[in-house]
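**Student:** I am attaching a structure below and will ask some questions about it afterwards.
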Amino acid sequence: MVWVNDIIQGILTGGLYALFACGLSLMFGVMKVVNLAHGDLAVIGGYVALGVITVTHIPVLWSFVIVVPVMAVLGYVLQRTVIQAALDRSVLTTLMVTFGLSVVIENALLEFVSANSQSLGVGNAIITRSFSIGSQIQIAYLLVLIFAVAVAVLLGLQYFLSRSKYGRMIRAVADDREAAQLSGVDYRHVFGIAAAIAFGTVALAGIAYGMYSQFAPTTGTDTILLFAFAAVVIGGLGSLWGTLLGGVVLGVAQQIGAQINISDEVLAGYIVFLAVLVLRPQGLTSRRAQS
Amino acid sequence: MSEQPGEPLLEVRDLTVHHGQLRALDRVSLRVFPGEVYAIIGANGAGKSTLLRTIAGLHRPTEGSIRYDGRDMTRVRPERRATGGIAMVLEGRRLFGSLTVEENLQVGATYARQGPWTIERVYELFGWMRERRTQRAAQLSGGEQQSVAIGRALVANPRVLLLDELSLGLAPVVVQRIYAMMQQILASGLTVLLVEQDVSQALRVASHIQCLLEGRTTLEGRPSEVTAAQVEAAYFGLPPGRHGGAGSPSQGGPGGSGGMGNPPRSRGGLGGIVPPGETEREPLWSGSTTSSRGS
Chain U
2 MVWVNDIIQG ILTGGLYALF ACGLSLMFGV MKVVNLAHGD LAVIGGYVAL
52 GVITVTHIPV LWSFVIVVPV MAVLGYVLQR TVIQAALDRS VLTTLMVTFG
102 LSVVIENALL EFVSANSQSL GVGNAIITRS FSIGSQIQIA YLLVLIFAVA
152 VAVLLGLQYF LSRSKYGRMI RAVADDREAA QLSGVDYRHV FGIAAAIAFG
202 TVALAGIAYG MYSQFAPTTG TDTILLFAFA AVVIGGLGSL WGTLLGGVVL
252 GVAQQIGAQI NISDEVLAGY IVFLAVLVLR PQGLTSRRAQ S
Chain F
39 MSEQPGEPLL EVRDLTVHHG QLRALDRVSL RVFPGEVYAI IGANGAGKST
89 LLRTIAGLHR PTEGSIRYDG RDMTRVRPER RATGGIAMVL EGRRLFGSLT
139 VEENLQVGAT YARQGPWTIE RVYELFGWMR ERRTQRAAQL SGGEQQSVAI
189 GRALVANPRV LLLDELSLGL APVVVQRIYA MMQQILASGL TVLLVEQDVS
239 QALRVASHIQ CLLEGRTTLE GRPSEVTAAQ VEAAYFGLPP GRHGGAGSPS
289 QGGPGGSGGM GNPPRSRGGL GGIVPPGETE REPLWSGSTT SSRGS
């Protein structure tokens with residue numbers, strides 16, 4: 002029964018990891034940018050939510066209504082300026098530039114909001130409670146909510162990419178940038194839209210993380226980015242639902258690791274990550290690498 | 039030289055383009071008038087594709103200018119040229135492989151100008167396309183992909199259509215079929231600037247030809263005005279004294295250089311289809327584009 006509980010907790014935590022990972026995967030899939038500042042952006046999302054809640058007193062759960070658009074605009078602007086300028090030089094330059102962004106964000110946060118840990122307190126709402134199945138399984142409503150949000154985000158993204166005009170353009174640009182240009186598509190604008198979506202999802206992830214746990218300026222790189230990377234690699238690069246599968250596998254591995262020895266939680270996740278890299282480097286779901 | 043009335047729709051003046059140190063185009067000029075089919079011929083590496091890609095905006099010229107419809111386009115971004123009415127079919131088809139046939143056409147139509155071409159009309163032009171519209175473009179054969187690529191350019195309703203090496207890597211039958219479609223395409227009032235390594239094909243469809251050799255223009259004129267020997271000399275860069283007659287160069291090394299990287303069937307097409315000494319040529323647009331006179 003303990004193991005069943007671990008697996009359920011792991012699956013639910015996987016939803017959070019998928020939320021971290023899908024933006025990273027999208028930016029890599031569309032513009033081949035490995036955004037090393039991705040984790041820090043989640044943390045920024047958390048702090049922006051904190052600020053918004055302090056100023057407007059809206060409930061934590063509804064803070065995303067403001068935070069997500071703000072982060073999306075930031076994503077569009079950053080993509081059209083700094084990241085595009087790096088892309089125009091070479092794809093490798095984007096690695097250095099996003100790494101630089103990460104350093105700048107982290108240190109700016111340390112400077113302005115201090116190194117103290119913060120969390121987004123949800124007060125005494127029902128969301129803070131949990132329900133039990135049997136005597137050993139306790140499930141937090143919050144984790145269920147986060148998982149549901151992750152699935153909703155992925156469904157929405159999939160619908161957007163496959164059905165909408167801009168989704169079609171995003172896929173076209175990812176396939177062949179020059180050919181898209183010759184059809185009148187301004188790929189820089191399309192990149193901006195993709196970045197806006199990625200930043201929007203990572204903002205959601207940041208809020209979710211803030212409610213679930215605590216964050217500090219360094220949380221972005223030492224936790225979120227690494228988990229997001231692991232989820233993307235396990236699931237398969239460029240695969241949307243792969244990020245959910247990757248997140249779930251990572252989450253379950255961590256829970257089981259923690260069950261064996263509480264200090265092995267993170268280690269177990271990385272062992273699975275390494276095993277996938279060695280045995281199935283294209284990831285669990287990737288079709289492209291198989292053909 | 040040009041008895042054409044009015045202004046050229048597309049005018050390229052003294053265009054020089056460098057790829058790094060290499061001078062790919064050296065002061066090339068051309069004037070394309072509305073309704074023309076203007077063919078650029080030349081061997082591999084002559085700069086034909088570079089010329090087309092520069093007109094479309096994918097390369098930046100070091101010198102020279104590109105005017106379209108009376109406007110200077112030299113520094114305009116490619117997507118603005120596309121929405122302005124310059125469409126291009128890239129060499130090697132370059133479809134969006136993970137998108138379906140229909141989605142490829144939809145992307146082409148996203149920023150379309152007003153005009154006669156719709157996705158529906160492309161389906162009518164290429165009969166097979168409608169029932170396979172949900173198939174991924176990557177799963178199509180080369181010829182089918184080429185048709186979709188042409189359709190994708192057409193639905194934008196361009197005024198000038200740039201076609202880069204339509205015949206490359208396709209079976210001769212397929213090439214004939216695609217060129218046969220050209221008349222229907224031209225009937226909608228398009229102007230075509232095409233690059234073709236298969237000289238016989240180019241001579242058959244073109245109203246004006248221009249031959250490039252190592253980035254320079256070596257011959258220009260109406261197909262009825264130039265002789266096969268002139269074309270041959272311009273194509274291979276032979277001294278003007280060696281017109282036709284004995285020792286047809288297409289059987290030697292130079293013929294091979296024209297077909298580098300191509301399927302063997304298109305190799306030496308020049309020599310086979312326009313034999314040295316032949317002076318008569320099919321009249322333009324005689325409806326014989328599907329004739330089996332080719333290789």
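Chains U and F, in that order, give the protein sequences. When the count follows the working numbering, it moves up by one through the first sequence with no breaks and lands on 292 for the last residue. When the count follows the working numbering, it moves up by one through the second sequence with no breaks and lands on 333 for the last residue. Ideal Cβ placement from N, Cα and C applies to all residues, glycine included.
(1) When we look at the beta-carbon of Val105(U) and count the other beta-carbons within 10 Å, is it buried (16 or more) or exposed?
(2) What residue from Glu234(F), Ile104(F), Arg105(F) has the CA that sits closest to Leu250(F)'s CA?
(3) Name the two residues that bound the continuous alpha helix (DSSP H) containing Leu251(F).
(4) Just checking: is the beta-carbon of Gly258(U) within a distance shorter than 8 Å of some beta-carbon in chain F?
(5) Is the Cβ of Ala125(F) closer than 8 Å to any Cβ of chain U?
(6) In the DSSP assignment, the beta strand (DSSP E) including His190(U) goes from what residue to what residue?
(7) Considering just the uninterrupted stretch of the alpha helix (DSSP H) at Arg91(F), what are its terminal residues?
(8) According to a CB-to-CB cut-off of less than 7 Å, which residues of the stretch 162-177 of chain U neighbour chain F?
(9) Could you tell me if Thr248(F) is buried or exposed, where buried requires 16 or more neighbouring beta carbons within 10 angstroms of its beta carbon?
(10) Any residues in the stretch 174-202 of chain F with a beta carbon nearer than 7 Å to a beta carbon of chain U? Which ones, in chain order?
(11) Under 9 Å Cβ-Cβ, which residues of chain U neighbour Ser87(F)?
(12) Give every residue of the same chain whose Cβ lies closer than 6 Å to the Cβ of Arg189(U), excluding the five residues on either side of it in the sequence, and list them in chain order.
(13) What is the DSSP secondary structure of His57(F), reduced to helix, strand or coil?
(14) Going by the beta-carbon positions, is the gap between Ala173(U) and Met32(U) smaller than 8 Å?
(15) When burial is assigned at 16 or more other CB atoms within 10 Å of the CB, is Ala284(F) buried or exposed?
(16) Mapping DSSP to helix, strand and coil, what is Ala276(U)?
(17) Let's see if you can read the secondary structure: which residues bound the beta strand (DSSP E) around Asp202(F)?
(18) Going by DSSP in three states, Thr220(U) sits in which element: helix, strand or coil?
(19) Would you report the Cα separation of Ala81(F) and Thr88(F), rounded to the nearest angstrom?
(20) If you run the structure through DSSP and keep just helix, strand and coil, what is Gly74(F)?
(21) Could you give the first and the last residue of the continuous beta strand (DSSP E) run that contains Ala86(U)?
(22) So is Ala240(F) buried or exposed if we call it buried at 16+ other beta carbons inside 10 Å?
(23) Are the beta-carbon atoms belonging to Val273(U) and Leu285(U) less than 8 Å from one another?
(24) Pick helix, strand or coil for Arg190(F), following the three-state DSSP scheme.
(25) Compare the C-beta of Gln137(U) against all C-beta atoms of chain F and say whether one is closer than 8 Å.
**Tutor:** By the coordinates alone:
(1) By the 10 Å Cβ count, Val105(U) comes out exposed.
(2) Of the candidates Glu234(F), Ile104(F), Arg105(F), Glu234(F) places its Cα closest to the Cα of Leu250(F).
(3) Counted as a single uninterrupted DSSP element, the stretch harbouring Leu251(F) is not any alpha helix (DSSP H) but the beta strand (DSSP E) occupying residues 246-251.
(4) No, no contact with chain F.
(5) At least one CB of chain U lies nearer than 8 Å to the CB of Ala125(F).
(6) Taken as a continuous stretch (DSSP letters only), His190(U) belongs to no beta strand (DSSP E), being part of the alpha helix (DSSP H) at 188-213.
(7) Secondary structure note for Arg91(F): its alpha helix (DSSP H) is the uninterrupted segment 86-94.
(8) In summary, the residues of the stretch 162-177 of chain U whose CB is separated from some CB of chain F by less than 7 Å are Lys166, Arg169, Met170, Arg172, Ala173, Asp176, Asp177, in the order they occur in the chain.
(9) This sequence places Gln at residue 248(F); Thr is not what is there. Classification of Gln248(F): buried, given that the 10 Å Cβ count is 16 or more.
(10) So the close ones are Arg190, Ala194.
(11) Against Ser87(F), chain U offers no close residue; the least beta-carbon distance is about 12 Å (beta-carbon pairs closer than 9 Å).
(12) Here the set comprises Gln85.
(13) Note: His57(F) maps to strand in three-state DSSP.
(14) Ala173(U) places its beta carbon 8 Å or farther from that of Met32(U).
(15) Note on Ala284(F): pLDDT 40, under 50, position unreliable in the model; no value is reported.
(16) Three-state result, Ala276(U): helix.
(17) Per DSSP, Asp202(F) is one residue of the beta strand (DSSP E) stretching across 198-202.
(18) Thr220(U) falls in the helix class under three-state DSSP.
(19) Straight-line Cα distance between these residues: approximately 13 Å.
(20) As written in the sequence, residue 74(F) is Glu, which differs from the Gly given in the question. Secondary structure at Glu74(F): coil, using DSSP grouped into helix, strand and coil.
(21) In this chain, Ala86(U) is not harboured by any beta strand (DSSP E); it is covered by the alpha helix (DSSP H) spanning 85-90.
(22) Ala240(F) comes out buried.
(23) Going by C-beta atoms, Val273(U) is not nearer than 8 Å to Leu285(U).
(24) The answer is helix: DSSP assigns Arg190(F) an H, G or I state.
(25) Gln137(U) does not count as touching chain F.
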